[in-house]
Amino acid sequence: MRASYATACLIPACTGAVLGLLLQGCTPLPSDPASALSDTPLVRSPAPMPEQDLLVVRQGRYTLVEQGPELAQRNLMRQVVDVSIPAGADHTVGDALRYVLIRSGFSLCETQEAAQLYALPLPAAHLQLGPLPLRDALQTLAGPAWTLQVDSFARHVCFAPAPTHPTEGRPS
Numbered sequence: 000m001r002a003s004y005a006t007a008c009l010i011p012a013c014t015g016a017v018l019g020l021l022l023q024g025c026t027p028l029p030s031d032p033a034s035a036l037s038d039t040p041l042v043r044s045p046a047p048m049p050e051q052d053l054l055v056v057r058q059g060r061y062t063l064v065e066q067g068p069e070l071a072q073r074n075l076m077r078q079v080v081d082v083s084i085p086a087g088a089d090h091t092v093g094d095a096l097r098y099v100l101i102r103s104g105f106s107l108c109e110t111q112e113a114a115q116l117y118a119l120p121l122p123a124a125h126l127q128l129g130p131l132p133l134r135d136a137l138q139t140l141a142g143p144a145w146t147l148q149v150d151s152f153a154r155h156v157c158f159a160p161a162p163t164h165p166t167e168g169r170p171s
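In numbering that gives the first Met the number 0, the protein residues as written are 0 to 171.
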């Protein structure tokens with residue numbers, strides 16, 4: 000008897016709620032649209048942004064790749080290198096610089112003042128470099144006493160003594 004009492008009470012309540020929603024949904028709009036809009040504040044939306052023509056190629060199911068050269072292809076000094084200098088006899092800084100530049104597209108310029116740098120022995124800490132940008136690898140090999148100079152037109156890499164280099168470790 001309890002179940003029939005609960006069911007009998009719920010059916011009219013549910014029917015009333017559904018009927019109220021239906022009647023509210025059928026309320027007619029005001030005949031004057033200007034009066035309906037006067038109560039709401041006017042909001043301006045920004046103009047739609049024009050779509051840029053991005054050229055992409057689908058690679059695989061979920062990957063879209065933008066067409067165009069990568070940053071390291073446009074600026075060769077930003078290419079990432081991971082270098083292990085081959086073990087062997089006494090290596091010099093010049094040998095290591097030439098080895099790093101093998102496939103970079105650059106060559107090492109031979110100047111009188113840079114010959115002093117190239118003749119220095121290569122520290123063991125520099126036998127393994129990277130991954131890091133080519134510019135950083137070259138500057139690491141040369142050290143803070145030397146300034147890297149890049150001639151992008153001729154694709155030469157040169158080193159000159161830094162104008163103000165640290166003098167630590169030098170006798171006064």
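Glycine residues also receive a C-beta, built at the ideal position from the N, C-alpha and C atoms.
{"Item": "Rounded to a whole number of angstroms, what is the C-alpha to C-alpha distance between G129 and A71?", "Value": "15 Å"}
{"Item": "Which one of C108, Q138 and V56 has the shortest CA to CA distance from H155?", "Value": "C108"}
{"Item": "Taking 7 Å as the limit between beta carbons, can you name the residues of its chain near Q138, skipping five residues before and five after?", "Value": "L147"}
{"Item": "Taking buried to mean at least 16 other C-beta atoms within 10 Å of its own C-beta, is G93 buried or exposed?", "Value": "buried"}
{"Item": "Would you list the residues sitting across from T91 in a DSSP beta bridge?", "Value": "P120"}
{"Item": "Would you list the one or two residues that DSSP bridges to H155?", "Value": "S106 and D150"}
{"Item": "Helix, strand or coil for D135 per DSSP?", "Value": "helix"}
{"Item": "In the DSSP assignment, the beta strand (DSSP E) including L70 goes from what residue to what residue?", "Value": "Careful: L70 lies outside any beta strand (DSSP E), inside the alpha helix (DSSP H) at L70 to R73."}
{"Item": "Taking its Cβ as the centre, do 16 or more other Cβ atoms sit within 10 Å of F158, making it buried, or is it exposed?", "Value": "buried"}
{"Item": "Use the C-beta contact count for L133: other C-beta atoms within 10 angstroms, 16 or more gives buried, fewer gives exposed.", "Value": "buried"}
{"Item": "What is the rounded straight-line gap between the Cα of E65 and the Cα of Q58?", "Value": "10 Å"}
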